[in-house]
Each structure stands twice: as C-alpha cells, then as structure tokens.
Amino acid sequence: MPTDLLDIFTGLADTSDILTGDLSQYSVDGVAPRIAIAPRDVVGVSGVLRAASASGLAVAPVGGGTKLFLGNRPKRLDVVLGLRRLDCLLEHAPGDLTVTAQAGVTIEKLQSEVARHGQLLPLDVPLPSHTTLGGALAVNLTGPRRLAYGTARDVVIGIRVVDAKGEATKAGGRVVKNVTGYDLCKLYVGSLGTLAVIVEASLRLAPMPLEERTAVGIFPSIQDACDAALDVMRLGPRAMTMVDARAGSKLAGLASPPVGQQAALMVELTGRPAAVTRRQSDIQATFLGRNAVSVQVLEKQESRRLWPAVTDLGWDSQRSPQQLTVRFGVLPSRVAELCRAVQEASPQPGVSLGLVAHVGHGVVRATWWPANGGPALDTKAMALLVAELRRRATPLGSYAIVERCPAAAKEGLDVWGEGVEGLDLMRRIKEQYDPQGTLNPGRFVGGI
Amino acid sequence: MNRASLVSALEAVVGKEYVFHHPDDLLVYESDASVDRHTPGIVVVPASSEEVARVVHLAFELGLLLVPRGAGTGLSGGAVALGENTIQVALTRMHRVLEVDTVNQMAVVEPGLVNLDLTTAVSRYGLYYAPDPSSQRACTIGGNVAENAGGPHCLRYGTTTNHVLGVEVVLEDGSVVWLGGHSRDLPGYDLTGAFVGGEGTLGIATRVVVRLLPAPEAIRTFLAIFDRMEDASAAVSGIIAAGIVPAALEMMDNLAIRAVENARPVGYPTDAEAVLLVEVDGLREEVEGEGEEVGRVCQSLGARQLRFADDPKERELLWAGRKGALGALGTIAPNYYLLDGVVPRTRLLEVLQRVKEVERQHGFPIANVFHAGDGNLHPCVLFDERKGEAHRAIEAAGAILKACVEAGGVLTGEHGVGIEKRAFMPLMFTPQDLAAMERLRDAFAPGHRFNPGKVFPEGATCGEPQPTPTSSGLPADAWV
Ligand SMILES: Cc1cc2nc3c(=O)[nH]c(=O)nc-3n(C[C@H](O)[C@H](O)[C@H](O)COP(=O)(O)OP(=O)(O)OC[C@H]3O[C@@H](n4cnc5c(N)ncnc54)[C@H](O)[C@@H]3O)c2cc1C
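Chains as they are written, first to last, in numbering that gives the first Met the number 0: chain S, 0 to 447; chain B, 0 to 479.
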C-alpha cells in the first residue's frame, strides 16, 4: 500500500478499518483501488470521504459487491469504501409497516427479520443474500414484483447519506407520507453512488399475502405469450414475467418451454385464497384462448421457489466471463415487438440468447451466453451487437443499457448509450453534489 | 424594459386577452387557499408548452421572477407570488387530456387539467387516476405534481409521486426538457422523482405522463363509532396488524363529530369520541374477506355502532359526515388553522393526547379530522381573528407541529411547506440537510427565478417560527 495513502487515512479512519491483502479482490471492473477501507460507523465513512476529497482521491462505495459491473469503467479509482460493516438493523416497527436499517444490512437479513411479523420488504433484488440495502438502493434494479409494489424509489421513505465532502445529511423521515422539503430520496436512489454514499434508509413494508400461486403457460410464440400477458394485466397479478426457451431452461424445470415452444409466461397471484382461485381460472381460460399449449399452476411452495430464480436470472455469481446482458424498457404493448427485434439482431451460431421480459412494466433483459462448447462473442462482436440493438430499439421507444459485459468490452462502448434525455440537468446535479468528481467518477451516464 | 412594453411583449406571446395587469384583474391571483396574500406583478395564461417556454425565456432575459399557478387550492401559500413584479404563470388554459393509452394504462395530460376530470375522462375504459386530494374537483394535476398531493385513498395506492411516470418541464432559461417518460427505468438520475414535490421552485410542468389503474371491482365502506379514542386508535393498528392495508382509513374526533351534527347532521352520537371510516376495495372475494376482518377488529374493540355499505349511494352517505367536517367547523368558529403533520401511526394516540394538552394550555378548541391510516393528522385550531387571536393560534399550531416532530414525525404530509411552514423547517432539518436540498434547486434553477421565498427558511433570522394560518375562507363544502 502506498505510504502517502496511509498518511492520508490514518487518524481519520481507525487503522484497523483499512483492509489488507491483495487489493485486486476489491477491483471495480478490473480497476484495482490503491486502498480499501471498511469503516464501522457513519463517523468513519465521513472521515474517509473528508480525507479523500481533500486529497483529490476518487472513491467507489461498495456494498455486497454483487453488481459492481454496472456502469462504465471507473475513470479513476483510489479508494474502495466498503459499507458491509454498517450492518445494524435499527428499527422494525411492525405496526407502522416500516423498517430502518444501515446500508450494509443484506436484503435477506431484512426479509427474514420482517417475515417474523408476517411482513415483507417489497424489493425483489437479485442475489438477496449478498446484496446490501445500500447497494440495492444505489442501483435501483427492479424485479418482477414491481407490478404490485413499485421500485426502490417507491419504497424508500427516508434516507441518510454522507456527501462527497464527508458531510452527513438526511432527507425524508420514518413516516409513510411526507412532503416536507424536496424528495432527495428519489435523487439518491438509482444514482449508482455518484452523488453521495447511502448509509441508512427507512422503507415501507407490505403485509405478506395469505396465498401465493403462480400460473405458468407455455406458448408457441413470444407474441402469444405477450398478448396473454396484456389480457391478464387487469387481474392485478403481483408479478408477470415471460421467458424464452433458453432463459426458461434455467428455472429448475418450473417454467421451461419444451422443444418446439418458444415462451413461458408466469403470472403470480396473491391475496385471499378465494380471490386467487377465481383469477386462476380466468387466467387459465385466457391463456388457452391465446394458444397456450399447456397451463400449470404452481402452489405456494413451488411458486416461492420460482420467483427468486426468475429474479436472479442472469445475475448469478458464477457468471461466464463472456456474458452480455442488455436491458431494454418499452411500453408493455411493445414487448413482443422488442423481443423480435432483439432476436433478429442476435448473431446466430455459437451464442445463445435468453430473454426475460417483465411484460407488465415493459422491462426486458436479453442475455447472451456462450453456447455449450461454442465460441463466445468477442469484444468487437459485442460492440457491434450493442450498436445494432440500439439501432433497432430506438424506434420502439426503448433504450438499451449494457448491464453486464466483460470489462474489456467496455473500452469500445458506452454502456448507457448516447443521447440520454436530460443529460445537461444530470450533469448540473452531479456538479452540485460532487463538484470534484470524488464519487465513482466516470461510471454513470454521459461519463458522470 | 418598462411595464407597458413588458405587457406587450407578453401579449405578443399569449394574446392580449391572456395577460392581466390591471390591479382589479390581479385580485383573484393574489392568494391561494391559505391566507397569505401578495399581488403578482402580471399574470399570464399561456395555452401551450411552447408559449410557457417563450414567457419563461422572456422573463429570463429580463431577470424577472416567475410563479407557476394551478387552481390556487394550495394550503401553504405555494402559488402566492412573493417578490417584486413577479410574473404569475397560470396553467389553467392547458387542461387537455392529450393521450389515453388503455392497453398500457397511462395518460398524457396538460398540467391545468383538473384532477377529477382525468378520472372522468378515463372511467369509460374502466380506469381511474388514483391520487384523490379532497380538493380534486378543483385542483390541477400540475399543482398535484408540485405538491406531491395525497388524498384519502393514498394509504393503499400511494401519493402523486407514485403515479407520475414523466414530466415535460420548462426550465428557468426557457429550455424544455423531458424528465422520465413512457418507458420505465430510463438511464440516469430519477429527475421525475426529484421534481415531484418541488413546490413550483424547480420549473414549470407543461405535460405529465401518469399511470392509470383499473377501477376496483368492488368497494366496501365501513363506518365505526367508538366511545373512546383509545379504542378507535387500537382499531387502526389492529386492521394494519391483520395484514390489511385498506384503501382509506379516516378518523374524526368528538369536536368534529359535534360540529358535523351541529351543521349538517348525519346521525353521529355527539358523545362519541371517534368516528372511523374504513374503505376496502379490490376483487369481490378480497373485499369480502378484508371486510369481515375489519368488522371483527372494530367489534372486538367495542365499536358502539358499525355500519357498512357496498352500493355507491349508500357509501357516499357514510362518507358524508367526514366530507362535511371541515365546512362544519366553519359554523362553530369564525376561523381555523388547518395543520398537516404526520406521525408514525402507532403513535397517533400519544400525539392526539399532546394535541389535547395544547388545547388546554393555549385555550383554543382543536378538532381532528384526518387520514389515520398513514398517520397524517389534520388538527384544526379554532379561533377568532376579530378578537386578535391569530397570533396565539399560530403558537398553538407551532406546539402541535413540534409534538409531531418529537414523536418521530414530519411537518407536512400533503399540503407542502410553501410560505406557511418554511420557518419550521429547522425543527426537522439541520442547515446541512437544507443545504443538500438547495443544491437540487441550484441544479434545476440556478438563478432561483421560480417561486422565490418558498420552502426554505428565509435568511439568517429563522429562529422564531412564524407561520401564517389557513383560515375558514374555504367554501362550506370543502374537505381535506
Ligand atoms: C378543501 C381543500 C382540500 C384539500 N385536500 C387535499 C388533500 O386531500 N390532499 C392534498 O394533498 N392536498 C389537498 N389540498 C391542497 C391542494 O388542493 C393541493 O396542494 C393541490 O395539489 C394544489 O393544486 P392547485 O392546482 O390548486 O395548485 P396551486 O395551489 O395553484 O399551486 C400549488 C403549488 O403548485 C405550483 N404549481 C402549480 N402548477 C404548476 C405547474 N404546472 N408546474 C410547476 N408548479 C406548479 C405552484 O407554484 C404552487 O407552489 C386541499 C385544498 C383544499 C382547499
């Protein structure tokens, strides 16, 4: 470790907070930091940021490290600021349906705590056992149950952050309705650690439903599955996701289109048993009317195994280094069209495409895995593919964000895409909150 | 540029009949539904986003201040034009529904559209717009966006911010930008979320993309009357603990009950301490099941009367007392100061007791009519301005807001900070917290040209909270 850095941080952070060992294990997209520090409390976080910004160092806040590959490669990286040690669950108020916790608590821990009172945290993020609350909020990735609960932005009611200069501030509160001052929670959620470091948050909870069941329809075509999905949207499912054959094959046999069929549509129904039963029969009829070749109903236990697997699709930690995942967002009515466009753009031999479409909110993920034994896409082919995807997605009103690709492939492409609406305003926001570019420089849209 | 040439320049943009500058014409624009008054310099009423942009650009060039205005139903002075020669931009001519997309359950509307008109426009498709401020017959979507308006049914469905997908905004220099839009999770910061609740200080919303929901298949409304406030509060907690988040969960206390019975009787026993209104909606089976549960909770807590209705007309009757309460208070006191604090719902009872203490200590009757389900209190301090009581009523209000914050709550749940509560902001926020908020305004509107003097405590002398009361200048059928 360079001694100049030690000089900067000793005294400000407890020296035992400075992590030792091979620093490459803390790399962000292949860029190793010069020092890694994991403070035990908010004061420690402030100390690190104050020292780093005073010395012009670049800091990457890191939670569970499960989604560090999101964004462009860091322009600069000196300090990895680990937040796992801020792991206090501060308050669960069952009667208020709220919870307050520090950023380093894992989503799984939060879920199991609130589950003891028959409640759930309405955030279905991939890899919950390793994902921290702070990380989940910073990336604001949404899972299938967004249909019922919204995203992290709808769930967060209060937040504490430490800004780039080390100043701790809060916004919002612990109550479920609040318009006191600007809603800065919305700004920090999804900002990928580029505006401030989230150290604590309060969130709203939901009661656990009495019954959970999932109808799985197998369809000859993606178009049929999407049509069926639009038909059943009004029944108020908690989640509704379509997978193609390749993605479905990764769902432990629970929703895998057999040979010759192109899509499986999963619709999760929750609520009182009688209400679930009626909707279940409505759905069966609708599916069959839309050419489904089969409809199967998964009871609670299986349904509960299915959805975490759907949420994790493409995010598994033993990823292939050559995986490419691109996220799109369209109107629900254009999901089928978008899927077709993606299939057409996809290079045929050797690489196989898996599609996961949350038809109810129009978020679609396409993942290219190297096919068994076949050649992987090289970085140049990836860049070409992404360009082609963007060319086809734009007329459908969609962006194409590269969520996952080998670090090397990022040299040739901007993972967020060009022409982001409101970019000037976003730059002014960054300029206000982090004028020196201390936090995650370069990783966000437009090189923010 | 002198005033006359400014007027003609504005007339050139929006047309002669849509620029108001004679003192008589400006009168209606000098206040909102709170009591703060200030005469704007000029009022312009543009017809399109392009016209708004040209007006804003002109003001920018001339270094003038601007205040957006919807229907003027705000309760915190948001639409009152502070500052010298401020131009008020009224959005009321821009009231079209531009697009309804029934498949994707969304609509694009102009900001001057009246909230209820949106639901009326889409109801034939079996859809509705969920946020329902009690002022929904008058208030505009633009005003709702600016205040992040709530309403009785926001308990289950969320407030305005949860229903806005995108906003077209005219920025300070007259440039037009889309925040968010039709697709979800656009790359970049959630500018839509940051803009909603900006109280007109960040920019002027000129188009809004909103989410629509399928109308519920069944609705059941319960009216439960309790002899003791303790039991009514326990019923609120009991319903939530039973895993039910009702569509609405509203409460009124004894003083409000007596006011209603005095003004437009609906048959409440005047010695009851609390009336609880509970509404559940959704699929028929869901409503049946939740309804049974709600009934069970109320009964087990000794509800003195329990009625319910499924039919729209009968449900309206059950709501009548609740909806008439604010108007009724106007019949028992010349003025009232309406508050909007929020507390964790488990601490309702404790805070209501604090309110009772304030009532005793300050010597003003205080009625409570409120959104119990989400802990959103609306204490009404009754006073008589003619007796010079306004100042002391404000002190009582201050004591209540303080009690809310001390109980882990906040200053405002839906009415906004505006002029009214800006001096109270330091009760909740440190100077650093406020500085972090100011940065957002510095990014959106670096010249602070929009809605000056709102939200933030003014200058260095923010020691003594000096709010201004909302009074009973509201129409008799108003409710909150
Ligand atoms: C009887 C009564 C009951 C009420 N009940 C509720 C309730 O249940 N829930 C609730 O939340 N509120 C309630 N209110 C408060 C009020 O109706 C809301 O705050 C409403 O959102 C204001 O809308 P408006 O069109 O009247 O806006 P105005 O009062 O005209 O303006 C409010 C604010 O919005 C800004 N603004 C207006 N249009 C725009 C625009 N296009 N772009 C940017 N800024 C803009 C203004 O500058 C101002 O700061 C009630 C008010 C009354 C009088």
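The C-beta atom is built at its ideal place from N, Cα and C for all residues, glycine as well.
Discussion item. Taking the beta carbon of Glu-405(B) as the centre, do at least 16 other beta carbons fall within 10 Å, making it buried, or is it exposed?
Written reply: exposed
Worksheet item: So which residues on chain S does Cys-153(B) lean against when the C-beta distance must stay under 8 Å?
Response: For a Cβ distance threshold of 8 Å, residue set Lys-176 of chain S lies close to Cys-153(B), ordered along the chain.
Worksheet item: Looking at chain S, which residues of the segment 439-457 of chain B have a Cβ within less than 8 Å of any of its Cβ atoms?
Response: Leu-439, Arg-440, Asp-441, Ala-442, Phe-443, Pro-445, Val-454
Discussion item. Tell me which residue opens and which closes the beta strand (DSSP E) that Ile-262(S) is part of.
Written reply: Looking at the sequence shown, residue 262(S) is not Ile but Ala. Here the beta strand (DSSP E) through Ala-262(S) covers 262-270.
Worksheet item: Pick from Leu-186(S), Gly-165(S), Glu-343(S): whose alpha carbon is nearest that of Gly-171(S)?
Response: Leu-186(S)
Item to complete: State the CB to CB distance for the pair Asp-413(S) and Asn-161(B), rounded to an integer number of angstroms; the pair is presumed to be in contact (CB under 8 Å).
Response: Contact between Asp-413(S) and Asn-161(B) is absent: CB atoms are separated by about 31 Å, not below the 8 Å threshold.
Practice prompt. Find out if the Cβ-Cβ distance for the pair Glu-444(B), Thr-85(B) is shorter than 8 Å.
Written response: Contrary to the premise, residue 444(B) reads as Ala rather than Glu in this sequence. Not a contact, by the Cβ cut-off of 8 Å.
Fill in: Rounded separation between Glu-199(S) and Gln-101(S) - CA only
4 Å
Worksheet item: If you scan the segment 46-73 of chain S from start to end, which runs of the beta strand (DSSP E) of 3 or more residues do you find wholly inside it?
Response: 58-61
Fill in: DSSP three-state assignment for Phe-194(B), whether helix, strand or coil
When secondary structure is reduced to three states using DSSP, Phe-194(B) falls in the helix class.
Worksheet item: With distances taken from CA atoms, which of Arg-245(S), Leu-82(S), Thr-240(S) is nearest Gly-142(S)?
Response: Thr-240(S)
Worksheet item: Expressed to the nearest angstrom, what Euclidean distance is found between the alpha-carbon atoms of Tyr-127(B) and Leu-212(B)?
Response: 5 Å
Discussion item. In this structure, how does DSSP classify Leu-212(B) when only helix, strand and coil are distinguished?
Written reply: Three-state result, Leu-212(B): strand.
Item to complete: Taking all protein chains shown into account, decide if Ser-134(B) is buried (16 or more other Cβ within 10 angstroms of its Cβ) or exposed.
Response: buried
Fill in: As assigned by DSSP and simplified to three states, the class of Tyr-188(B)
coil
Discussion item. Is the beta carbon of Gly-359(S) closer than 8 Å to that of Leu-146(S)?
Written reply: Contact flag set, yes.
Practice prompt. Using the DSSP secondary-structure output, state which residues sit across from Trp-368(S) in a beta bridge.
Written response: According to DSSP, Trp-368(S) bridges with Ser-351(S).
Fill in: Which listed residue (Asn-177(S), Gly-133(S), Thr-437(S)) has its alpha carbon closest to that of Leu-122(S)
Gly-133(S)
Worksheet item: Are Val-500(B) and Val-27(B) close, meaning C-beta to C-beta below 8 Å?
Response: The first residue shown for chain B is 0 and the last is 479, placing residue 500(B) beyond what the model contains.
Worksheet item: Looking only at its own chain, which residues have a Cβ that is under 7 Å from the Cβ of Gln-321(S), when we skip the five neighbours before and after it?
Response: Pro-369, Ala-375, Leu-376, Pro-405
Worksheet entry | Buried or exposed (CB count within 10 angstroms, at least 16 for buried), Leu-61(B) | Answer is exposed; the Cβ neighbour count stays below 16.
Item to complete: Would you list the one or two residues that DSSP bridges to Pro-378(B)?
Response: Its beta-bridge partners are Asn-367(B).
Worksheet item: Listing by chain order, which chain D residues have their CB less than 7 Å from the CB of Tyr-432(S)?
Response: The structure shown contains no chain D; its protein chains are S and B.
Worksheet item: When you compare each of Phe-327(S), Leu-384(S), Thr-324(S) to Gln-347(S) by their alpha carbons, which one comes out closest?
Response: It is Leu-384(S).
Item to complete: Look up Trp-177(B) in the DSSP assignment and say whether it is helix, strand or coil.
Response: Residue state, collapsed to three classes: strand.
Worksheet item: Closest by CA to Phe-307(B), which one among Leu-178(B), Ile-224(B), Asn-143(B), Pro-22(B)?
Response: Ile-224(B)
Fill in: Nearest-angstrom beta carbon gap, Gly-187(B) and Leu-422(S) [assumed within contact, 8 Å]
That pair is a contact at about 7 Å.
Worksheet item: Does Gly-187(B) come within less than 8 Å of chain S when only Cβ atoms are used?
Response: yes
Fill in: Selected residue, minimal CA-CA separation from Thr-269(S), among Val-258(S), Lys-299(S), Ala-399(S)
Nearest neighbour of Thr-269(S) by Cα position, chosen from Val-258(S), Lys-299(S), Ala-399(S), turns out to be Lys-299(S).
Practice prompt. Please list the segments of the alpha helix (DSSP H) lying wholly inside the segment 398-444 of chain B, counting only runs of 4 or more residues, in order along the chain.
Written response: 424-427, 430-443
Worksheet item: Where does Phe-286(S) fall in DSSP's three states?
Response: helix
Worksheet item: When the Cα of Leu-395(S) is compared with those of Leu-89(S), Thr-9(S), Arg-339(S), Met-207(S), which residue comes out closest?
Response: Arg-339(S)
Worksheet item: According to DSSP, what are the bridge partners of Gln-87(B)?
Response: Val-42(B), Val-66(B)
Discussion item. Below 8 Å, how does it come out for the segment 425-433 of chain S and the segment 350-364 of chain S: are there three or more Cβ pairs, yes or no?
Written reply: no
Worksheet item: Mapping DSSP to helix, strand and coil, what is Lys-409(S)?
Response: Three-state result, Lys-409(S): helix.
Worksheet item: For the segment 231-251 of chain B, which residues have a beta carbon sitting closer than 8 Å to at least one beta carbon of chain S?
Response: Ser-236, Ile-239, Ala-240, Gly-242, Ile-243, Val-244
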